[in-house]
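Visitor: Chains as they are written, first to last, in my numbering: chain Z, 1 to 257; chain B, 258 to 618.
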Amino acid sequence: MENTITAQDIIRDGELVFKKTACLTDNVLSYCPGCGHGVAHRILMEVIDEMGIQSQTIGVSPVGCSVLAYDFMNIDMQGAAHGRAPAVATGIKRVFPNKFVFTYQGDGDLAAIGTAETIHACNRGENIVIIFINNGIYGMTGGQMAPTTLPNMKSSTTPYGRDVKMMGHPIKMTEIVATLPGTCFVTRQAVHTPAAVNRSKKAIRKAFENQKLNKGLSFIEIVSNCNSGWKMTPVKSNKWMEENMFPYYPLGDIKDL
Amino acid sequence: MRELRLMKGNEAIAEAAIRCGVDAYYGYPITPQSEIMEYLTMEEPHKRTGMVVLQAESEIASIHMVYGAAGCGKMTMTSSSSPGISLMAEAISYMAGAELPCLIINVQRGGPGLGTIQPGQADYFQATKGGGHGDYNLIVLAPSSVQEMADFVGLSFDLAFKYRNPVLMLSDGAIGQMMEKVYLPAQKERLTDEEIEKRYSDWATFGKKANRERNIITSLSLESEVQEKHNFKLQAKYAKISQDEVRFERIACDDAEYLLVGYGTSARICQKVIQLGREKGIKIGLLRPITLWPFPSEEISKLANQVKGILSVEMSAGQMVYDVKLAVEGKVKVMHFGRFGGMIPSPDEVLHALEEKLIHN
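#1: Given a cut-off of 8 Å, decide if Z:F219 and Z:F132 are closer than it, judged by their beta-carbon atoms.
#2: Between which two residues does the beta strand (DSSP E) holding B:L261 run?
#3: With a threshold of 6 Å on Cβ separation, who are the neighbours of B:Q290 within its own chain once the five nearest residues in sequence on each side are excluded?
#4: From this set, Z:A81, Z:T103 and Z:R84, which residue's C-alpha is nearest Z:I75's C-alpha?
#5: Verify whether the separation of the beta carbon atoms of Z:A85 and Z:G114 is less than 8 Å.
#6: Report the rounded CA-to-CA distance for B:G430 versus B:S523, giving the unit in angstroms.
#7: Once DSSP output is grouped into helix, strand and coil, what is the label at B:I567?
#8: Roughly how many whole angstroms lie between the Cα atoms of B:E451 and B:W460?
#9: Excluding the 5 residues flanking B:F505 on each side, which residues of the same chain have their C-beta closer than 8 Å to its C-beta?
#10: Is the Cβ of Z:M173 closer than 8 Å to any Cβ of chain B?
#11: Using beta carbons (cut-off 8 Å, strictly below), is B:K331 in contact with chain Z?
#12: Which residues in the same chain have their Cβ closer than 8 Å to the Cβ of Z:I53, if we skip the five residues on either side of it in sequence?
#13: Flag this pair as yes or no: are the beta carbons of B:G307 and B:R469 separated by less than 8 Å?
#14: Do the CB positions of Z:S55 and B:G325 come within less than 8 Å of each other?
#15: Do Z:M153 and Z:R162 have their CB atoms nearer than 8 Å?
#16: Residue ranges of each beta strand (DSSP E) run of no fewer than 3 residues wholly in the stretch 28-88 of chain Z, ordered along the chain?
#17: Exposed or buried, which one is Z:N238 when buried takes at least 16 other CB atoms within 10 Å?
#18: Classify Z:M166 as buried or exposed, calling it buried when 16 or more other Cβ atoms lie within 10 Å of its own Cβ.
#19: Quick one: measure Cβ to Cβ for B:I361 and B:I374, integer angstroms, because I've assumed they're closer than 8 Å.
#20: Considering only C-alpha positions, which residue in the set B:R535, B:D512, B:P551 and B:M600 is nearest to B:N562?
#21: B:V570 to B:Q383, Cα distance in whole Å?
#22: Determine the DSSP secondary structure at B:A281, reduced to helix, strand or coil.
#23: Is it the case that the stretch 61-76 of chain Z contacts the stretch 18-27 of chain Z, given that we only count it when at least three CB pairs across the two stretches are under 8 Å?
#24: Would B:G368 and B:G377 qualify as a contact pair, given that the criterion is a beta-carbon distance under 8 Å?
#25: For B:M600, which of helix, strand or coil comes out of DSSP?
#26: Do you know how far the Cα of B:A467 is from the Cα of Z:T118?
#27: Give every residue of the same chain whose Cβ lies closer than 6 Å to the Cβ of B:R471, excluding the five residues on either side of it in the sequence, and list them in chain order.
#28: Could you tell me whether any Cβ in chain B is nearer than 8 Å to the Cβ of Z:P64?
#29: Cutting at 8 Å between CB atoms, please list the residues of its own chain near Z:T270, excluding the five before and the five after it.
#30: Going along chain Z, which residues have a C-beta under 9 Å from B:A274?
#31: Identify which residue in B:V309, B:H390 and B:L357 has its Cα closest to the Cα of Z:P97.
#32: Tell me which residues of the stretch 286-316 of chain B have at least one Cβ-Cβ distance to chain Z shorter than 9 Å, keeping chain order.
#33: Please identify the residue among B:Q528, B:L615, B:K490 and B:L533 whose C-alpha is closest to the C-alpha of B:G354.
#34: Along the stretch 443-454 of chain B, where does the CB come closer than 8 Å to a CB of chain Z? Name the residues.
#35: Decide if Z:G168 is buried, meaning its Cβ has at least 16 other Cβ atoms within 10 Å, or exposed.
#36: Mind checking which residues open and close the alpha helix (DSSP H) that includes B:G521?
Put into structure tokens, the structure is as follows:
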């Protein structure tokens, strides 16, 4: 078709206002439409691109929805077993102290099965960055209760809502790691609005700058949605997140040394 | 001139690791192997060679630290004893799947469960038949002296990097704790980051350079066809290892009428049994597997054509005996004798067992 408009017809010098960073691959994201993972991936890779550290960065992906993060992040990466990313990152950072090392983990990975690895990497003050995506549910396995699932929140293993008398209260890992001397920067952010995205990106930038200065462990929680697991539309899930997740997991810096 | 020292087996491992240019040791204390990390921290190898030594919060963490550093092409090791190795099973399977070279040392104690802190050899199945999930094999070396504790560190890393496969050294509390003279290897320089990057640029993670695709360390493939293909590749590698890397020692086998098969501490006891037997006119020989996987099946099969009976001597309730039976294929009688739960058999009771089970029977 002669009349077909191609990307080259639209993108002309001087008219380009946004370009995907070269630190992301061209692979189609495996995340559900409306999920926050894609935005979190983008701003993380933009920071690595903008700091010019692609050739010095090693990422560690978790088990969970972002198990395939290495398909989308155009950097050297290691896939860790469930919950073990902070230990894997420790192993890497200790033999490559001058390289940049980060983990990217979900709430089940970081706050349930990997609690010990998380706490002790933070306590040792490993000079790494931990990105913690908290959407209050196990997304990949089909929406089971996570350690961060809110009280009375429904999941496939709490079909009548999380009963805190039976299952305990949702764990606030970010507040816990902020108490440890090994962490230098602990913050809770979101990626559901342009302003929130900008604040998250600034936090990620600060975390990597901290690593450059050997300041200790920077821990960034990103409260995000899981519209599939929460059984909501993307728009409704973001509203529900603001009304229910943010009061329990308030946004902002908890520690900044 | 080679340096001669009097050392514990555990200490010999630690000193050999520094001298072989190992990049990192990650570990967690457990009896009877804690001297390895104690020796390393006392020696401060970061001052001698730049070697990293870190005490982790658990065996789970320490082996996953090994995963991370091994994925960077670094010479990385850990050590533990039986219950700790069980905790490491997850990562060992992941490393076999991701084809990561590393050294894992098991200074065995008696089990099951928390068991005992005395020596044992009951982790043979775990070491040679899996331990973790999935179709995989570790290269398993069985030292039987303090000298071999030192020598096998370098050998393990040679094999681990040659095949990109984890190597397990299956020792026991007796060899870990006892002191013997040991000739130590000469000090080697650790590889520089540039040398490592040059050697392993096709798979290890250093940070993606503009002139190559990104390197990914993973054991995951969601498509069955891809995963099967990866398994075929692993199996081809294991077949090559089975063909090329079998190691064993024959002791008094040439005229033997009865054969003992034993490794590690049991093999040392068996040498005394040979002497006691021959004093009584019983021609006993010993086949000592040095690699437990790959197992010296061919050699045992050949010896089965010569001897009247075979006794597998193990500090277990009978594990290696199954591999001996598979090798012998029913040609002669194969029996097992073992003490376990931390007990060590005496030469007399092994000889008595041989007579009872194979000669007078």
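Ideal Cβ positions, reconstructed from N, Cα and C, are used throughout, including at glycine.
These numbers were taken from a predicted model, which means no experiment stands behind them.
Guide: The short version:
#1: In the first sequence, residue 132 of chain Z corresponds to position 132, counting from 1. In the first sequence, residue 219 of chain Z corresponds to position 219, counting from 1. Cβ distance < 8 Å, so Z:F132 and Z:F219 count as in contact.
#2: Residue mapping note: residue 261 of chain B aligns to position 4 of the second sequence, counting from 1. Here the beta strand (DSSP E) through B:L261 covers E260 to K265.
#3: Counting from one through the second sequence, the residue named residue 290 of chain B turns up at place 33. Answer for B:Q290: N267, S336, S338, V364 and G433, listed in chain order.
#4: Here residue 75 of chain Z corresponds to residue number 75 of the first sequence, with the count starting at 1. The residue with the shortest Cα to Cα distance from Z:I75 is Z:T103.
#5: For this step, residue 85 of chain Z is matched to residue 85 along the first sequence. For this step, residue 114 of chain Z is matched to residue 114 along the first sequence. Yes; because the gap between Cβ atoms is below 8 Å, this pair is in contact.
#6: The residue you call residue 430 of chain B lines up with position 173 of the second sequence. The residue you call residue 523 of chain B lines up with position 266 of the second sequence. Roughly 12 Å separates the two Cα atoms.
#7: For the purposes of this step, residue 567 of chain B is identified with residue 310 of the second sequence, where counting begins at 1. Of the three classes helix, strand and coil, the one that applies to B:I567 here is strand, per DSSP.
#8: Start at 1 with the first residue of the second sequence, and residue 451 of chain B comes out as number 194. Start at 1 with the first residue of the second sequence, and residue 460 of chain B comes out as number 203. Answer to the nearest angstrom: the Cα atoms are 15 Å apart.
#9: The residue you call residue 505 of chain B lines up with position 248 of the second sequence. L544, R545, P546, I547, T548, P553 and E556, listed in sequence order.
#10: Taking the first residue of the first sequence as 1, we reach residue 173 of chain Z at position 173. Not closer than 8 Å to any Cβ of chain B, the Cβ of Z:M173 fails to qualify, so no.
#11: Indexing the second sequence from 1 puts residue 331 of chain B at position 74. So yes, B:K331 belongs to the interface.
#12: Residue numbering aside, residue 53 of chain Z sits at position 53 when the first sequence is read from its first letter. For Z:I53, where only same-chain residues beyond five positions count, the Cβ hits under 8 Å are F100 and F208.
#13: The count along the second sequence starts at 1 and reaches residue 307 of chain B at position 50. The count along the second sequence starts at 1 and reaches residue 469 of chain B at position 212. No. Outside cutoff.
#14: By one-based count along the first sequence, residue 55 of chain Z stands at place 55. By one-based count along the second sequence, residue 325 of chain B stands at place 68. Contact: no.
#15: Taking the first residue of the first sequence as 1, we reach residue 153 of chain Z at position 153. Taking the first residue of the first sequence as 1, we reach residue 162 of chain Z at position 162. Yes, the Cβ-Cβ distance between Z:M153 and Z:R162 is below 8 Å.
#16: 57-61 and 76-79
#17: On the first sequence, residue 238 of chain Z is found 238 positions in, with the first residue counted as 1. Its Cβ being crowded by 16 or more others within 10 Å, Z:N238 is buried.
#18: Counting from one through the first sequence, the residue named residue 166 of chain Z turns up at place 166. The residue in question, Z:M166, is exposed, as its Cβ has fewer than 16 Cβ neighbours within 10 Å.
#19: Translated into the one-based positions of the second sequence, residue 361 of chain B becomes position 104. Translated into the one-based positions of the second sequence, residue 374 of chain B becomes position 117. Not really, about 20 Å apart at Cβ, beyond 8 Å.
#20: The sequence position of residue 562 of chain B within the second sequence is 305, counting from 1. Nearest option by C-alpha distance: B:D512.
#21: Stepping through the second sequence from its first residue, residue 570 of chain B is reached at position 313. Stepping through the second sequence from its first residue, residue 383 of chain B is reached at position 126. C-alpha separation (whole angstroms): 18 Å.
#22: For the purposes of this step, residue 281 of chain B is taken as the residue at position 24 of the second sequence. Three-state result, B:A281: strand.
#23: yes
#24: Position 111 of the second sequence, counted from the first residue, corresponds to residue 368 of chain B. Position 120 of the second sequence, counted from the first residue, corresponds to residue 377 of chain B. Yes, they are a contact pair.
#25: Position 343 of the second sequence, counted from the start, is the residue given in the question as residue 600 of chain B. Three-state DSSP puts B:M600 in coil, outside helix and strand.
#26: Numbered from its first residue, the first sequence carries residue 118 of chain Z at position 118. Numbered from its first residue, the second sequence carries residue 467 of chain B at position 210. In a straight line, the C-alpha of Z:T118 is about 32 Å away from that of B:A467.
#27: Here the question's residue 471 of chain B lines up with position 214 in the second sequence. Cβ neighbours of B:R471 beyond the five flanking positions: K465.
#28: Sequence index remark: in the first sequence, residue 64 of chain Z carries index 64 (1-based). Looking at the sequence shown, residue 64 of chain Z is not Pro but Gly. So, not an interface residue.
#29: The question about residue 270 of chain Z has no answer here: the residues shown for chain Z are numbered 1 through 257.
#30: As a position in the second sequence, residue 274 of chain B is number 17, starting the count at 1. What B:A274 touches in chain Z: nothing, since even the nearest Cβ is about 14 Å away.
#31: Counting from 1 along the first sequence, the entry for residue 97 of chain Z is found at position 97. Out of B:V309, B:H390 and B:L357, B:V309 has the C-alpha closest to the C-alpha of Z:P97.
#32: V309, L311, A313, E314 and S315
#33: In the second sequence, counting from the first residue as 1, residue 354 of chain B sits at position 97. Comparing Cα-Cα distances from B:G354 to each of B:Q528, B:L615, B:K490 and B:L533, the minimum goes to B:K490.
#34: D450
#35: What you label residue 168 of chain Z is simply residue 168 of the first sequence in a count that begins at 1. By the 10 Å Cβ count, Z:G168 comes out exposed.
#36: Here residue 521 of chain B refers to the residue found at position 264 when the second sequence is read from its first residue. B:G521 -> alpha helix (DSSP H) spans G521 to E536.
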